[in-house]
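Below is one structure; the comments refer to it alone.
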Amino acid sequence: MDTHGEDALQQFVLLSKSTSGLGITALIKQVRTPLRRRRSRTAPSPSPPQVLSSKKIYTFGELLAQKSVAALATSGDAEQRRHHELLALFAYGTYADYVAKQGELPALTAAQTEKLRQLSVVSLAHEEKRVPYARLQSALGLSEVRELEDLIIDTVYLGLVDGTLNQQEAVFKVKTAASRDVRLADIDGMVGTLQDWAGAADEMLSALEAGKVAGADRRAAAAHASDQALRLAEDVKADIQASAGAATGKARGGAGEELMDVDRTRRARGKRQKN
651 MDTHGEDALQ QFVLLSKSTS GLGITALIKQ VRTPLRRRRS RTAPSPSPPQ
701 VLSSKKIYTF GELLAQKSVA ALATSGDAEQ RRHHELLALF AYGTYADYVA
751 KQGELPALTA AQTEKLRQLS VVSLAHEEKR VPYARLQSAL GLSEVRELED
801 LIIDTVYLGL VDGTLNQQEA VFKVKTAASR DVRLADIDGM VGTLQDWAGA
851 ADEMLSALEA GKVAGADRRA AAAHASDQAL RLAEDVKADI QASAGAATGK
901 ARGGAGEELM DVDRTRRARG KRQKN
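Converting from the sequence shown to the working numbering requires adding 650 to each position, the first position being numbered 1.
The following block contains the structure:
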């Protein structure tokens, strides 16, 4: 919620501290009062502001925490209890939740219905990053695609969500979504989720570090093996060269001896012929 929304909420919080009972229900939603038999000559007093109709307020936890507002939940007046439940539904619930209990809750104006639908879009945007049109239409009670797209566009302009509408794929692609109120009972679950996420992140970091060390070891072993292979190749090359040199010398010496033998044989034959 932006600064203007925070300021608007604070006005309701201050008003709630100076009133109770029926005055609080009037802050939440316009309460119909019975008509008087005698018409008053004075101008009618302006309707009190209503938090559920305000286009600046989309979180209600701080107001629900006020003693005068919390007291409505246990009031002996059924209408006051219903208004407290409706305020809590705007804080934590969705349009589908309202439809399920519509007969037990105060009726909504068109502006309040639109606001609850916008809050429901925020909740759906937190659940998945690609929200199908079909799911949105079902959750929001909208039969026409044009109505759905207009509602999402207005919700984006309010800064409650950011994303793009893909008409070809019929999905709303979510980039970011504003925060909604959180019940105290849900905080432990959120903490557990964050702890699980932190644990998974630690395990991944450890695996990356282990992989880094193992990779360094493998590179060192490969370099050592490469050095050994080069040394072995050099040794083999030297042995081959040495063996080739020795074979060449032997071959030359043997050929000389054969020539000498031939010469001796010829000289011997020459002597015999003279005799």
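For glycine and all other residues, C-beta sits at the position ideal for the given N, C-alpha and C.
Between which two residues does the alpha helix (DSSP H) harbouring residue i extend?
i	result
residue 815	Looking at the DSSP string, residue 815 is not in any alpha helix (DSSP H); the run it does join, the beta strand (DSSP E), is 811-816.
residue 705	Careful: residue 705 lies outside any alpha helix (DSSP H) and carries neither H nor E.
residue 730	728-742
residue 717	717-720
residue 671	Here residue 671 belongs to no alpha helix (DSSP H), and DSSP marks it neither H nor E.
To which residues does DSSP link residue i through a beta bridge?
i	result
residue 781	822
residue 827	811
Within 10 angstroms of its Cβ, does residue i collect 16 or more other Cβ (buried), or is it exposed?
i	result
residue 865	exposed
residue 776	exposed
residue 659	buried
residue 798	buried
residue 814	exposed
residue 881	exposed
residue 841	exposed
residue 764	buried
residue 780	exposed
residue 873	exposed
residue 790	buried
residue 855	exposed
Apart from the five residues on each side of it in sequence, which residues of its chain come closer than 6 Å, Cβ to Cβ, to residue i?
i	result
residue 690	With a pLDDT of 44 at residue 690, under the threshold of 50, the modelled position of that residue is not reliable, and no figure is offered here.
In chain order, what residues of the same chain have a beta carbon less than 8 Å from the beta carbon of residue i, not counting five sequence neighbours either side?
i	result
residue 806	812, 813
residue 768	708, 801, 804, 805, 808, 810
Whose C-beta lies closer than 7 Å to the C-beta of residue i among residues of the same chain, with five residues either side of it excluded?
i	result
residue 756	679, 732, 733, 736
residue 795	783
Between the segment 708-725 and the segment 822-833, do three or more beta carbon pairs fall short of 8 Å?
Because the criterion of three Cβ pairs below 8 Å is met, the segment 708-725 and the segment 822-833 touch.
Touch test, the segment 662-678 against the segment 723-733, Cβ-Cβ under 8 Å, three pairs minimum:
Taking a cut-off of 8 Å on C-beta distances, the segment 662-678 touches the segment 723-733, as three or more cross pairs fall below it.
Taking 8 Å as the cut-off, does the segment 732-742 touch the segment 711-723 (at least 3 CB pairs, one atom from each stretch)?
Verdict: yes, contact present.
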